[in-house]
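Note that the working numbering gives residue 152 to position 168 of the sequence shown, counting from 1, and the numbers run on in steps of one.
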Amino acid sequence: MSQVEIPGRVKQKIDIVTPLPGPMSAALQSLSEDYEPATFAHGQVPFGFRRGSGVFVEDVDGNTFLDFTSGVLVANIGHGRKRVMDKVAQMARDQEITNSYNYLNPYRPALARLLMETIPDYCADLKTGKAFILTTGSETVEWSMSMALRHQWKTGHPEKNRVVAFEGAFHGRTAGARHAGGIDGVTEGYGLDVPDITHIPFPDLYRPAKHADGRPYTLQDYIAGIQKIDGASTAAVIFETYQGAAGSRMFPAEYLQALAAWCRRNGVLLIVDEGQASFGRTGRFYAFEHYEIQPDLLCLGKGISGSVPLAAVISRRDIVASQGGMSSTWGGNILSSAVALETIKILIEEKLTENAAKVGAYMARRFKALEGRHAILGETRQMGLVGGLEIVTDRASKTPNPKAAERIVTGCYRKGLLLIEPIGLGGNVIRVAPPLVVTEEQAEVGIDILDRAMAEAEG
Ligand code: PMP
């Protein structure tokens, strides 16, 4: 597949040639600690990114790692793809790299059309809508909530003036997106909700909420909770198709279908935030397709453009018609739009969604087998090529074990497998998300390393 076509000298195998971290990575780490806010790279393994090719990434010291992060879920088409690199080189050579959102560029409207073509036919209302090209995931969340509120107001429902979101959600770190999130550490101390946002429980069946008498919530209890939302004052419900930061938590299908039906009955708009879930990641082009639901507004980012900043809101046409001015300085920048176009074409032409489904199914089977072998592996969750490994003290109590999770990530790094620091509300979930060009053989190499690192963390 793609590996053959990728040029350059990035090795197509793990190769650790210095003690870790290498001297250049260590120097970068200390430079960052001195001059950058303490949450970008801090807390992560000290990996100084130099370049990448396919599923392999090379650090500034010349060490080659197998990448199970996709650069935080962006490199769906793999790193350093020749077609993308050639396009950027051509644009630089021909002095095409300019920016003005006031004027047209040859790529942005073409990208909007291609995006609309990727919307599944069964979503008739969305498919006949429009694509608003922006720059970051947080921006798409701000816009989608604003667009929903404005549409309700404009169509005679000013009383529908609040948004419902989920506990455990992560939607970004700008003011509105931050408060749409349902993670205390992300919202605490940042003032009032703008707009008015109410959170409802995530239907967690692994660690269910408890009734007053101690009985655990069932799926039906969570579904009954939907009916208690005040539809009359609600403009929109926003959710991630799977909860990323909360630890790759998947919604039960029946729950999302019930939520979508409730929204329709109550004139509430459905905002689906697929900032990290689209472009084949879950084994469907869009993750919401697994649930056969129809978003009214769809937030896209990350894998849409891979290596340069771009994001988009896809919206029903009538919702766009309700808006005032819609623009953003970098929205649909010429370079980003050209790269996103190439990226999406590669995804489609190489059938990377199908590969994600196939290799994802293989990885899910392997992880399930590990559940039986490691007492600290509480649950494995997988949808296509995104997964979460719950690291616990023991399977019965399900108590999060962030220390062991941390040891596993560090152990993998030492063996040449790159992972991000544990995620999840208890800081104990290992996220597995290789680029969608990964082969079964490469996945196997990574899983074997994880298996060994887990054994060491237990030992
Ligand atoms: N929504 C989701 C689902 C995300 O995963 C993220 C980023 N992790 C965001 C929104 C925010 O995106 P950005 O960092 O580009 O603002």
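Each residue gets a CB set at the ideal place from its N, CA and C atoms; glycine is no exception.
Quick caveat: nothing in here was measured; it's all calculated off a predicted structure.
DSSP-derived helix/strand/coil call for residue i
i: M234; result: strand
i: G251; result: coil
i: C107; result: coil
i: A193; result: coil
i: L176; result: coil
i: Q227; result: strand
i: P200; result: strand
i: D435; result: helix
i: F40; result: strand
i: T364; result: strand
i: V221; result: strand
i: F351; result: helix
i: E80; result: coil
i: D45; result: coil
i: P293; result: coil
i: E258; result: strand
i: G(-1); result: The residue asked about is misnamed: residue -1 is Asp in this sequence, not Gly. In the structure shown, D(-1) sits in a strand (DSSP, three-state: E or B).
i: A380; result: coil
i: L401; result: strand
i: T112; result: coil
i: S311; result: coil
i: L373; result: strand
i: F269; result: coil
i: I167; result: coil
i: A149; result: strand
i: S14; result: helix
i: S299; result: strand
i: T423; result: coil
i: H63; result: strand
i: L282; result: strand
i: R97; result: helix
i: T119; result: coil
i: H155; result: coil
i: T53; result: coil
i: I392; result: helix
i: R35; result: strand
Supposed contact pair residue j and residue i - C-beta distance, whole angstroms, cut 8 Å
i: I330; j: I61; result: 5 Å
i: Y63; j: P419; result: The sequence as given places His at residue 63; Tyr does not occur at that position. About 7 Å separates the two Cβ atoms, so the contact holds.
i: M347; j: M234; result: About 15 Å separates the two Cβ atoms, so there is no contact after all.
i: K71; j: A322; result: 6 Å
i: C531; j: I255; result: The structure shown does not extend to residue 531, since the chain spans only -15 to 443, so no value can be given for it.
i: W314; j: N83; result: 7 Å
i: G395; j: A441; result: 6 Å
i: R300; j: L15; result: Not really, about 47 Å apart at Cβ, beyond 8 Å.
i: E405; j: G27; result: 5 Å
i: A132; j: L281; result: 6 Å
i: E238; j: L294; result: Between L294 and E238 the Cβ distance is about 34 Å, and since that is not below 8 Å, they are no contact.
i: G316; j: I0; result: So it is not a contact: roughly 41 Å between Cβ atoms.
i: G113; j: I298; result: 6 Å
i: A271; j: Y226; result: 7 Å
i: E143; j: S217; result: 6 Å
i: D435; j: L319; result: D435 to L319, Cβ: 41 Å. No contact.
Near the ligand FAD: residue i beta-carbon under 7 Å from a heavy atom
i: L99; result: Of the ligands one can find in the structure shown, namely the ligand PMP, none is the ligand FAD.
Cβ shell of residue i (< 6 Å), same chain only, five flanking positions each side left out
i: T337; result: G264, F269
i: P384; result: G410, N412
i: V416; result: F52, G371
i: L57; result: Q260, K286, A417
i: A340; result: G264, G267, G368, L369, L420
i: G231; result: G372, I407, G408, V413
i: E363; result: Y190, E374
i: P(-9); result: Residue confidence is low: P(-9) scores 49 on pLDDT, short of 50, so the model does not pin down where it sits. Its coordinate-derived value is still stated next. Taken in chain order, the residues that qualify are K66.
i: I433; result: C396, K399, L401
Contacts around residue i, its chain only, beta-carbon distance under 7 Å, and the 5 residues preceding and following it disregarded
i: V39; result: L50, D51, G62, P418, P419, V421, V422, Q426
i: V41; result: F33, F49, D51, H63, L402
i: A161; result: S122, V125, E126, H155
i: R67; result: E326, I330
i: T171; result: R162, H163, G165
i: L240; result: Y275, I277
i: I213; result: V148, I184
Residues of its chain near residue i, where Cβ-Cβ distance is below 8 Å and the 5 sequence neighbours each way are ignored
i: L325; result: Y91, A94, L95, L98
i: K387; result: none
i: I360; result: I375, V376, T377, D378, N385, A388, M438, A441, E442
i: V44; result: G6, M8, S9, L12, G32, F33, R34
Interface flag, residue i vs chain B, CB-CB below 8 Å
i: I103; result: The chain inventory of the structure shown lacks chain B, comprising one protein chain alone.
Assess, as a yes-or-no matter, whether the region 245 to 252 is touched by the region 173 to 192 under the definition of 3 or more beta carbon pairs within less than 8 Å. Note that the region 173 to 192 does not touch the region 245 to 252; fewer than 3 beta-carbon pairs, one per stretch, sit closer than 8 Å.
If we count Cβ pairs, one from each stretch, closer than 8 Å, do we get three or more for the region 276 to 287 versus the region 184 to 199? no
For the region 125 to 139 against the region 96 to 114, do three or more pairs of beta-carbon atoms, one drawn from each stretch, fall closer than 8 Å, so that the two count as touching? no
Decide yes or no for the touch test of the region 229 to 247 against the region 69 to 79: beta carbon pairs closer than 8 Å, at least 3 of them. no
Within the chosen definition, does the region 214 to 230 reach the region 145 to 154 through at least 3 CB pairs nearer than 8 Å? yes
Segment contact, 8 Å Cβ cut-off, at least three pairs: the region 197 to 207 with the region 124 to 133: Contact between the region 197 to 207 and the region 124 to 133 is absent, because fewer than three Cβ pairs lie under 8 Å.
Check whether the region 116 to 125 and the region 345 to 362 touch, using three or more Cβ-Cβ pairs below 8 Å as the test. no
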